[in-house]
Amino acid sequence: MRFHSSMLSAAKISVATLAPGPLAPGLFFATPNTGEYSAVIYDNSGSPVWISARGEATTDFRVQQYQGKPVLTFWSGKIDNQVGNGQGHGVILDAGYNKIAEVDAGNGMLSDLHEFQLTARGTALVTVYPATAADLTSVGGPAQGWMYDCHIQEIDVATNELLLDWVASKHIGLDESYQPLGSTGSDAATPYDPYHLNAISADTDSTLLLSARHTHTVYSIQRSSGDIAWRLGGKKSDFAVAEDAAFAWQHHARRQSSSQISLFDNHTLETTGSSRGLLLTVDEQARTATVAQQYTRPGHLGNAMGSTQILGNGNVLVGWGTQNAATEFSADGTALWEASALGSNCYRVARSEWTGRPTTAPDIAVDASGGTLTVHASWNGATEVATWRVLTGNSASALGKAVEVARSGFETSTTTGLAGYVQVLALDAAGAILGRSRVVAL
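Here the sequence shown stands for residues -19 to -1, 1 to 423, where the numbers follow mature numbering (1 follows the signal peptide of the UniProt record, and there is no 0).
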């Protein structure tokens, strides 16, 4: 999608209403990859609200809380699509879309694309994928082999101080992995990937919740010692997992309550079958795991990436990863709304309420032809604009109202009579002026 008043462009997505029912309040956050990377906020009609500038690849774009305020966060860097990891850093923007923090991994490493999770402690949890020399004979590889020995790091956002550096190989054996060695592991250019950590979040005050895709396991980890408190799923599960609750190659594990954990169950690496959003009831005393609810769409198989977000009104947003789509379900599993054409590498999606008040001025473009002026107005990221007022006149200092029109998508266009000078004002629902564009001289 391209515009007259702005040099920004965004992937055009398709949206569809699948069944009657209320959607959760808020906007849709995605990182569509259709040849160019960007982070985009869309409304429910698929119209962009905010578009990031083109640059490095972005993932994990969403609203989080930092210092008691809502902020936008995402990971930015370079992605190796062959192995599914990246090297970059976390970014935090305020409500004016100004960068207020850039969070780097510690010990000279770069953070991975899978997670940039803020905590109530003012810290960020990130994944790191360093290539490390390792003995791979236990999985049929060389004694002097190489693997991605995934780290979890906790970083102080304000200072970039490294507070925690948890190393997977110190706690998880290679025998837990389902990932075949294949042609990897012989050198630093093609490391074996036995763990593939892809989600980490604060669980209790003393534990972290971790998802490792290649072990088919969700782990509870003690913050102080790094010891594994329990394993859910995989070869060494501490829980009896019901047959219909079994998951594989999963992403985005999150604690929802003391007895429930959500995740995206990719389920298979094959080209047939179906992935699902999965809400599990986990009894830590009885050590059992059962299905509380699952969210499926026939034919929607995301063999990589994906997300499951439990929304405030009980709805559930499922991002299908490589399936190029996202679906919002009601709590009972009814598919209500779907976005598609997200590109092949939209890692996660999110829905959140967000109020954006950009510190830039509104943008304007004017075309004079055929005895009329066509005026195009936009304001990247401004969520409170209800109407646009067009001012015209024969002097830049003496402009008057020519026309007022309702905002219609990212860019609103209207016509008016010829004039020497044009300006647009952005108004909120009460008619208050939110911002003024530059004055265009014709």
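Beta carbons are placed, not taken as given, at the ideal position from N, Cα and C, and that holds for glycine.
Buried is the label assigned to residue 373, since at least 16 other Cβ atoms lie within 10 Å of its Cβ. Going by beta carbons, residue 390 and residue 28 fall inside the 8 Å limit.
A contact between stretches requires three or more CB pairs, one per stretch, nearer than 8 Å, and the region 96 to 106 meets this requirement with the region 44 to 62. Counting other Cβ atoms within 10 Å of its Cβ, residue 361 reaches 16 or more and is therefore classed as buried. Scanning the region 190 to 261 for uninterrupted alpha helix (DSSP H) segments of 4 residues or longer gives nothing; none is fully contained.
Inter-residue distance for residue 197 and residue 241 is about 18 Å (C-alpha atoms, whole angstroms). Counting the other CB atoms within 10 Å of its CB gives residue 286 a total of 16 or more, which places it among the buried residues. Within 10 angstroms of the beta-carbon of residue 108 lie 16 or more other beta-carbons, which makes it buried. Setting aside the 5 residues that flank it on each side, residue 184 is surrounded in the same chain by 190, 201 and 236, each with a C-beta closer than 8 Å to its C-beta; the list follows chain order. Annotation for residue 128: the continuous beta strand (DSSP E) segment containing it runs 126 to 129.
Contact between the region 71 to 88 and the region 141 to 152 is established, with three or more Cβ pairs separated by less than 8 Å.
According to the DSSP assignment, residue -3 belongs to the beta strand (DSSP E) that extends over -6 to -3. The beta carbon of residue 74 lies closer than 8 Å to those of 52, 53, 54, 80 and 81 in the same chain, with the five residues before and after it left out. Restricting attention to beta strand (DSSP E) runs no shorter than 3 residues, the region 59 to 137 encloses them at 66 to 74, 80 to 84, 92 to 99, 104 to 109, 112 to 115, 126 to 129 and 132 to 137, ordered along the chain. Cβ-Cβ distances below 6 Å link residue 118 to 124 in the same chain, with the five nearest sequence neighbours on each side left out; the list follows chain order. The closest CA to that of residue 48, considering only -5, 31 and 102, is found on 102. If you look at residue 149, you'll find it isn't in any beta strand (DSSP E); DSSP assigns it neither H nor E.
The residue from 312, 383, 363 and 209 with its alpha-carbon nearest to that of residue 399 is 383. As DSSP reads the structure, residue 57 sits in a beta bridge with 39 and 70. Contact annotation, residue 10 with residue 333: C-beta distance approximately 7 Å; criterion of less than 8 Å satisfied. When DSSP states are grouped into helix, strand and coil, residue 303 belongs to the helix group. In the structure shown, residue 292 adopts coil according to DSSP, grouped into three states. Exposed is the label assigned to residue 341, since fewer than 16 other Cβ atoms lie within 10 Å of its Cβ.
Exclusion of the five residues before and after residue 45 leaves 52, 54 and 99 as the residues of its chain whose Cβ lies within less than 7 Å of its Cβ. Across the set 187, 192 and 216, the C-alpha of 187 shows the shortest separation from the C-alpha of residue 206. 321 is the residue among 321, -17 and 158 whose C-alpha sits nearest the C-alpha of residue 15. In the DSSP assignment, residue 33 forms no beta bridge with any residue. Judged by their CB atoms, residue 405 and residue 394 are not nearer to each other than the 8 Å cut-off. With contacts defined by Cβ atoms closer than 8 Å, residue 165 and residue 173 form a contacting pair. Secondary structure of residue 365 (DSSP, three-state): coil.
For the 8 Å CB-CB criterion, residue 1 and residue 294 do not form a contact. Closest by C-alpha distance to residue -4, out of 24, 12 and -13, is 24. DSSP places residue 273 inside the beta strand (DSSP E), whose first and last residues are 269 to 276.
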